[in-house]
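Report on the structure given below.
There are 2 protein chains.
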Amino acid sequence: MRLLLSNDDGIHAPGLAALHEALRDMAEVHIVAPEYERSAVGHAITIYDPLKTKKVYKDGAFFGYAVDGTPADCVKLALGALLPEPPDFVISGINLGPNAGISVLYSGTVSAATEGTILGIPSMAISLATFKDPVWDTAKRVAREMVARLQSDGLPQETLLNVNVPNIPLDQLQGTRITRMGRSRYIETFERRTDPRGRAYYWMDGEMALLEDPVDTDLQALEDGYVSLTPLGFDLTRHAALPHFEKWRDAVHPDSLDEKDQVAS
Amino acid sequence: MRLLLSNDDGIHAPGLAALHEALRDMAEVHIVAPEYERSAVGHAITIYDPLKTKKVYKDGAFFGYAVDGTPADCVKLALGALLPEPPDFVISGINLGPNAGISVLYSGTVSAATEGTILGIPSMAISLATFKDPVWDTAKRVAREMVARLQSDGLPQETLLNVNVPNIPLDQLQGTRITRMGRSRYIETFERRTDPRGRAYYWMDGEMALLEDPVDTDLQALEDGYVSLTPLGFDLTRHAALPHFEKWRDAVHPDSLDEKDQVAS
Chain A
0 MRLLLSNDDG IHAPGLAALH EALRDMAEVH IVAPEYERSA VGHAITIYDP LKTKKVYKDG
60 AFFGYAVDGT PADCVKLALG ALLPEPPDFV ISGINLGPNA GISVLYSGTV SAATEGTILG
120 IPSMAISLAT FKDPVWDTAK RVAREMVARL QSDGLPQETL LNVNVPNIPL DQLQGTRITR
180 MGRSRYIETF ERRTDPRGRA YYWMDGEMAL LEDPVDTDLQ ALEDGYVSLT PLGFDLTRHA
240 ALPHFEKWRD AVHPDSLDEK DQVAS
Chain B
0 MRLLLSNDDG IHAPGLAALH EALRDMAEVH IVAPEYERSA VGHAITIYDP LKTKKVYKDG
60 AFFGYAVDGT PADCVKLALG ALLPEPPDFV ISGINLGPNA GISVLYSGTV SAATEGTILG
120 IPSMAISLAT FKDPVWDTAK RVAREMVARL QSDGLPQETL LNVNVPNIPL DQLQGTRITR
180 MGRSRYIETF ERRTDPRGRA YYWMDGEMAL LEDPVDTDLQ ALEDGYVSLT PLGFDLTRHA
240 ALPHFEKWRD AVHPDSLDEK DQVAS
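Chains as they are written, first to last, in numbering that gives the first Met the number 0: chain A, 0 to 264; chain B, 0 to 264.
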């Protein structure tokens, strides 16, 4: 088995080291990760600049490639140029902090797995639901179990697996839930300040707003001490909304436009 | 009617000026847009730096706020701090270049509309399907029609409207299609070079790979000369894949873990 590991916390992040430790005896492991932290970059890619790479060594041995780009860049570059052969799986993480609820949209960790999936490689993102005192051993054990499952069961077409692990000791885990992305999100507040030259700037802060999030959501699973497994896709079409627009079909049509006023320019 | 306009090509982009011209006699228009081009940023937000703002004037009159952040940042900041009252709609564009198929994932233009939707404001992204010789008048006319429809019909819950306009004169438009996001994507190639200090860097290039994209997709609508209207959401859950994972429920459970080997650390 050949694995590509990436993340959004950067190549020197302890979560990536933990992932490497967890998986290195199971597979041939390749690492291509951002040179520095690229959290909350969403599915950004670098299109107007070249991507620079640097070999990173740990304890005297080659550890992986650092790329001055986003997580999605790293996966594209790994598959397109750096890896001699395509990996069997792309594994992104272990992220310090949950990627659940609306946060999934902003997540660079998930974005690396999305990019792997777009490029045809079954992919998984894994995050530990804490910002301090991480219990890496729990997440490492879950990572091993999940990679074993990937190997035995595979993933459905165009589907990536988003794994969130509660930050508790292994023997306190309640089990595993198959979940959907919750709707809770941060409510931002902005604090306005003025710089010494009189220019305004704003610090964003916020708190989690728990919206309707039933038991089958990722956020609730974490809350209840369960490992959360969410299958994610990348077709953003809201199919249920298609009927609403049926009558918009005549919105712009040469025949109807002739009768109406022209745009002022 | 009160509108918030944003984009990802930056506050000085001709597409934003065109959008402003198209809509200013229909509504009270507010503009909050990135200070410079932020294409392909996906749904990135700025979390570790403050957001700086600058008032931009055009022809001696206040035009809008430039923000040194992403399109999603602009919408968050507009709603959270800059606008005296919430807008009725967020309109993002007019983007120079289509936002259709897989490109939607990387699009800053769409991301501004997604952020508006997350924050509870019905939102629309509009893009002109060309990178050169834009026929702004066609896109302006479509923008007016669509905003009128938004006003009369609204949008379904948690749904944004992604509008793509073919770059042809108004009288050559074939009509309007209600579409889903196509699957076509760029196939990237990387050209490796070495800088004067011997460090490797890579230029990404690519060409569009047309995958299975039937008549009801955004890309095919553009190809056929139709305005494409795609309802998009932000729930990335792949519901159809949930059954695949049913048997993974026992993947990590304290009882089962006891019997197995521990993670080497």
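Beta carbons are placed, not taken as given, at the ideal position from N, Cα and C, and that holds for glycine.
For Met25 of chain A, not one C-beta of chain B is nearer than 7 Å to its own C-beta.
Looking from the CA of Asp58 of chain A, the closest CA among A:Pro85, A:Gly174, A:Ala16 and A:Gln150 belongs to A:Ala16.
Taking a contact as a CB-CB distance under 8 Å, the pair Leu81 of chain A and Tyr64 of chain A counts as one, their CB atoms being some 6 Å apart. In terms of CA proximity to Asp217 of chain A, A:Arg182 leads the group A:Arg182, A:Pro242 and A:Leu235.
The beta carbon of Ile177 of chain A sits closer than 7 Å to some beta carbon of chain B. Taken through DSSP and simplified to helix, strand or coil, Met145 of chain A comes out as helix. Going by beta carbons, Leu76 of chain B and Val66 of chain B fall inside the 7 Å limit.
Each residue's CA atom was taken as its position, placing Thr52 of chain A and Gly92 of chain A some 20 Å apart. Boundaries of the alpha helix (DSSP H) around Lys75 of chain B: Pro70 to Leu76. Against Tyr35 of chain A, chain B offers no close residue; the least beta-carbon distance is about 11 Å (beta-carbon pairs closer than 8 Å).
Contact between the region 151–165 of chain A and the region 191–209 of chain A is absent: fewer than 3 CB-CB pairs across the two stretches fall below 8 Å. In this structure, His42 of chain A sits near Tyr105 of chain B, with a CB-CB distance shorter than 7 Å. Contact of Pro155 of chain A with chain B by beta-carbon distance below 7 Å involves Ala240 and His243. Beyond the five residues adjoining it in sequence on each side, Ala39 of chain A comes within less than 6 Å, by CB distance, of Tyr105 in the same chain, given in chain order. For Lys54 of chain A, no Cβ of chain B is located within less than 7 Å of the residue's own Cβ. Those residues of the region 184–201 of chain B placed with their C-beta closer than 7 Å to a C-beta in chain A are Arg184, Glu187, Thr188, Phe189, Arg191, Arg198, Ala199, Tyr200 and Tyr201, ordered along the chain. DSSP, reduced to helix, strand and coil, places His252 of chain B outside both helices and strands of the structure shown, so it counts as coil. For the options B:Leu2, B:Val214, B:Glu245 and B:Leu172, the alpha carbon positioned closest to that of Pro83 of chain B is the one of B:Leu2.
Beta-bridge analysis with DSSP links Phe189 of chain A to A:Met203. Inter-segment contact for the region 241–251 of chain B and the region 221–233 of chain A is present: three or more beta-carbon pairs are separated by less than 8 Å. The Cβ atoms of Leu95 of chain A and Gly224 of chain A lie no closer than 7 Å to each other. DSSP places Val109 of chain B in the uninterrupted alpha helix (DSSP H) bounded by Gly107 to Ile117. Distance from the Cα of His19 of chain B is smallest, within the candidate group B:Leu50, B:Phe130, B:Pro70 and B:Phe61, for B:Phe61. The residues Arg1, Leu2, Leu3, His29 and Ile120, in chain order, have a CB closer than 7 Å to that of Pro86 of chain A in the same chain once the five nearest residues on each side in sequence are set aside. Residue-level contact check: His19 of chain B does not touch chain A, since none of the beta carbons of chain A fall below 7 Å from its beta carbon.
Residue state for Arg179 of chain A is assigned as strand, using DSSP reduced to three classes. Taking C-beta atoms as the reference points, Gly68 of chain B and Thr45 of chain B count as a pair closer than 7 Å.
For the pair Pro33 of chain B and Ala71 of chain B, the Cα-to-Cα distance works out to about 9 Å. Leu15 of chain A: member of the alpha helix (DSSP H) spanning Pro13 to Leu22, first to last residue. Taking CB atoms only, Glu144 of chain B has a neighbour in chain A less than 7 Å away. By the C-beta density criterion, Val214 of chain A is exposed, having fewer than 16 other C-beta atoms within 10 angstroms. Pro155 of chain A and Arg176 of chain B have their C-alpha atoms roughly 30 Å apart. Near chain B, meaning a CB-to-CB distance below 7 Å, the residues of the region 38–49 of chain A are Ser38, Ala39, Val40, Gly41, His42, Ala43, Ile44, Ile46 and Pro49.
Taking 7 Å as the Cβ-Cβ cut-off, the region 221–237 of chain A approaches chain B at Val226, Leu228, Thr229, Pro230, Leu231, Gly232, Phe233, Asp234, Leu235, Thr236 and Arg237, given in chain order. With a beta-carbon spacing of about 22 Å, Glu222 of chain B and Asp204 of chain B fall beyond the 8 Å limit used to define contacts.
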